[in-house]
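J.: A single structure is presented below for examination.
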Amino acid sequence: MAKFLTNREENYSQWYNDLVIKADLAENSAVRGCMVIKPYGYAIWERIQAELDKKFKATGHVNAYFPLFIPKSFFSREASHVEGFAKECAVVTHYRLKNDHTGKGVIVDPEARLEEELIVRPTSETIIWNTYKNWIQSYRDLPILVNQWANVVRWEMRTRLFLRTAEFLWQEGHTAHATREEAVEEAEKMLNVYADFATNYMCIPVIKGRKSVNERFAGAEETLAIEALMQDGKALQAGTSHFLGQNFAKAFDVQFTNQEGKLDYVWATSWGVSTRLMGALIMAHSDNNGLVLPPRLAPIQVVIVPIYKGNDQLEKISELALKLKSDLENSGMTVKYDDRDTHKPGFKFADYELKGVPVRIAIGPRDIEQGTVEVARRDTLTKETIKTENVIAHIKNLLEDIHNNILQKATTFRKENTYYTDNWDEFRDIIENKGGFVMAHWDGSPETEELIKDETKATIRVIPFDSPDEEGKCIRTGRPSERRVLFARAY
RNA sequence: CGGGGUAUAGCGCAGUCCGGUUAGCGCAUCUGGUUUGGGACCAGAGGGCCGCAGGUUCGAAUCCUGCUACCCCGACCA
Numbered sequence: 010m011a012k013f014l015t016n017r018e019e020n021y022s023q024w025y026n027d028l029v030i031k032a033d034l035a036e037n038s039a040v041r042g043c044m045v046i047k048p049y050g051y052a053i054w055e056r057i058q059a060e061l062d063k064k065f066k067a068t069g070h071v072n073a074y075f076p077l078f079i080p081k082s083f084f085s086r087e088a089s090h091v092e093g094f095a096k097e098c099a100v101v102t103h104y105r106l107k108n109d110h111t112g113k114g115v116i117v118d119p120e121a122r123l124e125e126e127l128i129v130r131p132t133s134e135t136i137i138w139n140t141y142k143n144w145i146q147s148y149r150d151l152p153i154l155v156n157q158w159a160n161v162v163r164w165e166m167r168t169r170l171f172l173r174t175a176e177f178l179w180q181e182g183h184t185a186h187a188t189r190e191e192a193v194e195e196a197e198k199m200l201n202v203y204a205d206f207a208t209n210y211m212c213i214p215v216i217k218g219r220k221s222v223n224e225r226f227a228g229a230e231e232t233l234a235i236e237a238l239m240q241d242g243k244a245l246q247a248g249t250s251h252f253l254g255q256n257f258a259k260a261f262d263v264q265f266t267n268q269e270g271k272l273d274y275v276w277a278t279s280w281g282v283s284t285r286l287m288g289a290l291i292m293a294h295s296d297n298n299g300l301v302l303p304p305r306l307a308p309i310q311v312v313i314v315p316i317y318k319g320n321d322q323l324e325k326i327s328e329l330a331l332k333l334k335s336d337l338e339n340s341g342m343t344v345k346y347d348d349r350d351t352h353k354p355g356f357k358f359a360d361y362e363l364k365g366v367p368v369r370i371a372i373g374p375r376d377i378e379q380g381t382v383e384v385a386r387r388d389t390l391t392k393e394t395i396k397t398e399n400v401i402a403h404i405k406n407l408l409e410d411i412h413n414n415i416l417q418k419a420t421t422f423r424k425e426n427t428y429y430t431d432n433w434d435e436f437r438d439i440i441e442n443k444g445g446f447v448m449a450h451w452d453g454s455p456e457t458e459e460l461i462k463d464e465t466k467a468t469i470r471v472i473p474f475d476s477p478d479e480e481g482k483c484i485r486t487g488r489p490s491e492r493r494v495l496f497a498r499a500y
């Protein structure tokens, strides 16, 4: 089985690379660091978008679109923001090509230099706050709750499909508020939206918390994040939400008149998730047979494969298959009937397993005779024979079972790979040899975090919200600590 | 951006050291037939500017120079 995939236990990162390609999710393009997201991969992203978009709308947000290009001068307005992104910006300097005078090919027209260079957005805070300045005069104009679905570019040195690409797709929410409290509440609310989505749609349990100063977003006063644990024991940040304070309002002079008639700067948040979630989805659940997709995000939830000899059999089987398909669809499921005659059933079985389709129905002549179908589930790779009249209800329940099982499995895995330690040698041993989350005490200083990072490659993923107050000593320096924080090596 | 590796048919590779028939092999593709309850079999066929651009040579996949992309390891990051 799965003889085309690298074994997960032998070489996890090669397994991941193979899987992305073989499951037809994405491939590298002719442009360095930029991927082509293939139809099946994009279909999963569309499912992610659809569900998140619903949640954004349900929490009062609206979609809009801002430019891809940002004038260079905008970046220098917020000091730490420039510093954070300067090293990875693509810059547009010219607006025209012309024919090369030697005859072949085109060159950049040196006379078409832009007066002000444009930055391809690595994120949109600057252009958006420059715009919000015109939208906001009074407290009556607030809050502004805008999201945009867009692509952004960060010129990464080393890229991996979905996990880190030079161009990626994401959504970025940018909100403006009259009070600090309201903005803080918004940032927390959206983090909860992400956490809920990760858990209940992606079947990935996450730890919510604050980022340390070192890991904070450039320009934020506070960065909140959800962290997920991958099967190789590395952490992956699955969503971030920033409380931006008045930093961008001050940088772009966005003031409003409050109810007391006084001028004040606007309070801001921004929050986002990217196509990196695809990487999380793949790495959290999949196995040596291929993808394992959570039913709520699977583009195809049920596939029906006919097994037949000759057209007579196929006709009978198709009749039942099409009836089942339409009944399942009427019950809200997405179904594909694969009656291609160009591939054998065994090939199709393996192929849909590779692609992570949660449920497969096989119908052969024996089933027609006995009034049954064979139902196989992807997560456990088990099969059972079900009476045809029960199949709709059965599969509806089965999809729920699969959802719960995948989530349960991921939760158990995380539990088994979360360690508590107060001993530095043990800490190093866990990080180096076992991987996983390590809850340990930290003295709260950026210097100590940096030191631990240099020595172990582990960083503080988050300071968890639910980490209880607990007197202790810093794992590295022995200085006093008030609570445990979450350490791990990260993607 | 530093170190290492790779680039030959759609995919995976051999050939490159030591230049010399018509550049091979497996998978995939196409045609015909037999098949179909876990990645089918037999027979035949098609497919190549040897990554790109220069150079050396009577002659270059093979030697030299430059460029580009990908993979692995570091530094940086969602």
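The opening residue of the first sequence carries number 10 in this note's numbering; numbering runs sequentially from there. Every residue, glycine too, gets a C-beta built ideally from N, C-alpha and C.
Within 10 angstroms of its Cβ, does Y74 collect 16 or more other Cβ (buried), or is it exposed?
T.: exposed
J.: Counting only the same chain and skipping the five closest in sequence on each side, list residues whose C-beta sits under 6 Å from that of A11.
T.: Annotation note: pLDDT 44 at A11 (below 50); position unreliable, no value reported.
J.: By the DSSP assignment, the beta strand (DSSP E) with G182 in it spans what residues?
T.: Per DSSP, the unbroken beta strand (DSSP E) holding G182 starts and ends at 176 to 186.
J.: Using alpha carbons as the reference points, say which of I377, V312, Q157, Y274 lies closest to W280.
T.: Q157
J.: Suppose only complete runs of 3+ residues qualify. What are the beta strand (DSSP E) ranges in the segment 370 to 398, listed by chain order?
T.: Taking only runs of at least 3 residues, the beta strand (DSSP E) segments lying wholly in the segment 370 to 398 are 381 to 386, 391 to 396.
J.: Could you check the C-alpha separation between H70 and V155 for me, to the nearest Å?
T.: In this structure, the straight-line span from the alpha carbon of H70 to that of V155 is close to 6 Å.
J.: I'd like to know if the segment 478 to 490 and the segment 442 to 450 are in contact, where contact means that at least 3 CB-CB pairs between them fall below 8 Å.
T.: yes
J.: Let's test the definition: count the other Cβ atoms within 10 Å of the Cβ of A237 and tell me whether it reaches 16, buried, or not, exposed.
T.: buried
J.: Count the C-beta pairs between the segment 167 to 179 and the segment 204 to 223 that are closer than 8 Å, then say yes if the count reaches three, no if not.
T.: Judged by Cβ distances under 8 Å, the segment 167 to 179 makes no contact with the segment 204 to 223, as fewer than three pairs qualify.
J.: Can you tell which of R86, L245, S327 has its C-alpha closest to the C-alpha of A234?
T.: L245
J.: Can you tell me which of the three DSSP states A330 falls into?
T.: helix
J.: State the Cα-Cα distance for the pair F261 and E194, rounded to the nearest angstrom.
T.: 23 Å
J.: Whole angstroms are fine: how far does the CA of D431 sit from the CA of E55?
T.: 44 Å
J.: If we count the other Cβ atoms within 10 Å of its Cβ and call it buried at 16 or more, is P131 buried or exposed?
T.: P131 comes out buried.
J.: Would you identify the three-state DSSP class for M10, choosing helix, strand or coil?
T.: Per-residue confidence for M10 stands at a pLDDT of 38, beneath the threshold of 50, marking its modelled position as unreliable; the derived number appears in the next sentence. M10 falls in the coil class under three-state DSSP.
J.: Is I316 helix, strand or coil when you go by DSSP?
T.: coil
J.: Which same chain residues end up closer than 7 Å to V29 when comparing Cβ atoms and leaving out the 5 residues on each side of it in sequence?
T.: A35, L170, F171, I291
J.: Taking the alpha-carbon of Q268 as reference, which of A277, Y210, T188, T208 has the nearest alpha-carbon?
T.: T188
J.: Tell me which residues share the same chain as K107 and place their Cβ nearer than 7 Å to its Cβ, disregarding the 5 neighbours each side in the sequence.
T.: V115, I116, D118
J.: Ordered along the chain, which non-local residues of its own chain (more than five positions away) have a Cβ less than 6 Å from that of A385?
T.: R369, K392
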